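Going letter by letter, the sequence shown gives residues 28 to 324 in the numbering used here.
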Amino acid sequence: MKTVSLVLGSGGARGLAHIGIIHWLEENDYKIRSIAGSSIGALIGGIYAAGKLDEYEQWVRSITKVDIITLLDISWEKSGLVRGDKIINTLINLVGDLLIENLPISYTAVATDIKGQKEIWIKSGRLFDAIRASFSIPLLFTPFKYKGAVLVDGGVLNPVPIAPTFGDETDMTIAVNLGGPAESPEKLSAIRAAPTLSSSLFHEKINRFINRLQKSVTSSRRDWGPYNIAIQAFEAMQSTIARQKLAAYPPDIVIEIPRNACQTLEFDRATEMIELGYRRAKECLAQAELQNWKDEC
28 MKTVSLVLGS GGARGLAHIG IIHWLEENDY KIRSIAGSSI GALIGGIYAA
78 GKLDEYEQWV RSITKVDIIT LLDISWEKSG LVRGDKIINT LINLVGDLLI
128 ENLPISYTAV ATDIKGQKEI WIKSGRLFDA IRASFSIPLL FTPFKYKGAV
178 LVDGGVLNPV PIAPTFGDET DMTIAVNLGG PAESPEKLSA IRAAPTLSSS
228 LFHEKINRFI NRLQKSVTSS RRDWGPYNIA IQAFEAMQST IARQKLAAYP
278 PDIVIEIPRN ACQTLEFDRA TEMIELGYRR AKECLAQAEL QNWKDEC
């Protein structure tokens with residue numbers, strides 16, 4: 028069994044591929060000993076470290092477009108479109124309100140201090156405070172105030188946070204880059220045939236919880252055009268920074284998810300993203316193992 032430091036990158040709904048990657052690693056005798064994540068990577072990594080990935084997966088596979096809109100609690104502040112409270116409260120209801128230091132796996136969430144212009148590594152305190160800070164995409168989510176600092180998405184400065192794993196005593200570091208080279212529509216269409224699972228008990232439970240929090244915002248007429256442009260610009264910046272980080276601090280293995288696999292908020296495509304992650308892990312790790320065998324020969 029090989030021990031792994033797992034680095035989970037930022038990239039919105041494409042990060043659901045992290046779930047498939049984790050499944051493949053577990054099924055093939057890789058032991059995840061530590062996790063560092065930015066944005067969606069911090070979210071998936073934190074939920075996995077809490078031992079609740081199966082529950083989260085069952086719920087997220089059943090999400091619809093209406094559910095996504097319902098979870099976006101519109102903010103009337105100028106600092107961001109969405110407060111993020113409904114998302115966090117929904118996840119706490121599903122996973123529990125946990126402390127990072129009590130998790131069985133070493134965990135680091137990476138956020139960005141916009142005033143100090145530096146990375147912030149969150150290794151202690153409330154898990155969902157760390158997650159909320161790490162996924163605060165500028166303009167989309169309001170910034171998160173943490174210990175006197177104003178924090179936004181970790182992907183602003185480090186979309187593939189390898190550095191937090193440098194001190195780990197593990198056999199290898201595996202990094203997942205969600206800003207990988209774009210693929211043709213024909214190639215991507217091959218992963219879109221899987222049917223979406225029907226509504227589960229988890230789905231019904233979370234929907235009841237959401238309805239108690241606030242009425243649906245599906246009737247909102249706010250123009251999303253400028254936010255879509257801002258998100259696309261942010262993702263272009265992330266892809267460039269990720270390439271630089273991976274070149275400067277190369278991990279043992281890089282698993283790349285195409286940057287056009289899905290859009291940032293397409294969480295209703297969870298099934299195909301999870302399966303894409305599983306396939307990419309299988310391809311990359313099988314190739315790496317074959318190369319190691321050749322080297323030994």
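Note that the Cβ used here is the ideal one computed from N, Cα and C, for glycine as well.
Please read all numbers here as calculations on a predicted model, not as lab measurements.
Grab me the residues of GLN314's own chain with a C-beta within less than 6 Å of its C-beta, minus the 5 sequence neighbours each way, in chain order. Hits under 6 Å: none found.
Can you say whether VAL93 is buried or exposed, counting buried as having 16 or more other CB atoms within 10 angstroms of its CB? VAL93 is exposed by the Cβ-count criterion.
Residues that ALA63 bridges to, as DSSP identifies them: VAL34, THR135, per the DSSP bridge assignment.
Opposite ASN255 in the DSSP bridges: which residues? DSSP lists no beta-bridge partner residue for ASN255.
Grab the span of the beta strand (DSSP E) containing GLU146 for me, first residue to last. That run of the beta strand (DSSP E) goes 145-149.
Taking the alpha-carbon positions, what's the THR113 to LEU167 distance? Residue 113 is actually Lys in this sequence, not Thr. Taking the Cα positions, LYS113 is about 14 Å away from LEU167.
Taking the beta carbon of ALA288 as the centre, do at least 16 other beta carbons fall within 10 Å, making it buried, or is it exposed? Around the Cβ of ALA288, a 10 Å sphere holds 16 or more other Cβ atoms; the residue is buried.
List the residues that DSSP assigns as beta-bridge partners of ASN204. Its beta-bridge partners are GLU283.
How about LYS272 and ASN185: are their beta carbons less than 8 Å apart? Contact flag set, yes.
When you compare only the Cα positions, how much space is there between GLY175 and PHE162? Approximately 18 Å between the Cα atoms of the pair.
Secondary structure at VAL187, three-state DSSP: helix, strand or coil? Three-state DSSP puts VAL187 in coil, outside helix and strand.
So is MET28 buried or exposed if we call it buried at 16+ other beta carbons inside 10 Å? Its Cβ having fewer than 16 others within 10 Å, MET28 is exposed.
Using the rule of at least 16 other Cβ atoms within 10 Å of the residue's Cβ for burial, across every protein chain shown, is GLU302 buried or exposed? Burial call: buried.
Own chain partners of ILE132 with C-beta closer than 8 Å, once the 5 adjacent residues on each side are dropped: Cβ neighbours of ILE132 beyond the five flanking positions: ILE59, ARG60, SER61, ILE62, TYR75, ALA76.
Over what stretch of residues does the beta strand (DSSP E) that includes LEU173 continue unbroken? Reading off the sequence, residue 173 comes out as Tyr, not Leu. Counting along the chain, TYR173 sits inside the beta strand (DSSP E) bounded by residues 171-173.
Can you list, in chain order, the residues of its chain whose CB lies under 6 Å from that of ASP295, leaving out five sequence neighbours each side? Hits under 6 Å: ILE90, THR91, LYS92.
For the segment 144-153 against the segment 99-113, do three or more pairs of beta-carbon atoms, one drawn from each stretch, fall closer than 8 Å, so that the two count as touching? Taking 8 Å as the limit for Cβ pairs, the verdict is that the segment 99-113 does not touch the segment 144-153.
Residues bridged to LYS58 [DSSP beta-bridge criterion]: THR30, per the DSSP bridge assignment.
DSSP three-state assignment for LEU292, whether helix, strand or coil: Under the three-state reduction of DSSP, LEU292 is assigned to coil, being neither helix nor strand.
Nearest-angstrom Cα distance between ASP56 and LYS105? Between ASP56 and LYS105, the C-alpha separation is close to 48 Å.
Spatial neighbours of ASP3 within its chain, please: C-beta separation below 6 Å, excluding the five flanking residues on both sides. One cannot answer for residue 3 here, as it falls past the ends of the chain, which runs 28 to 324.
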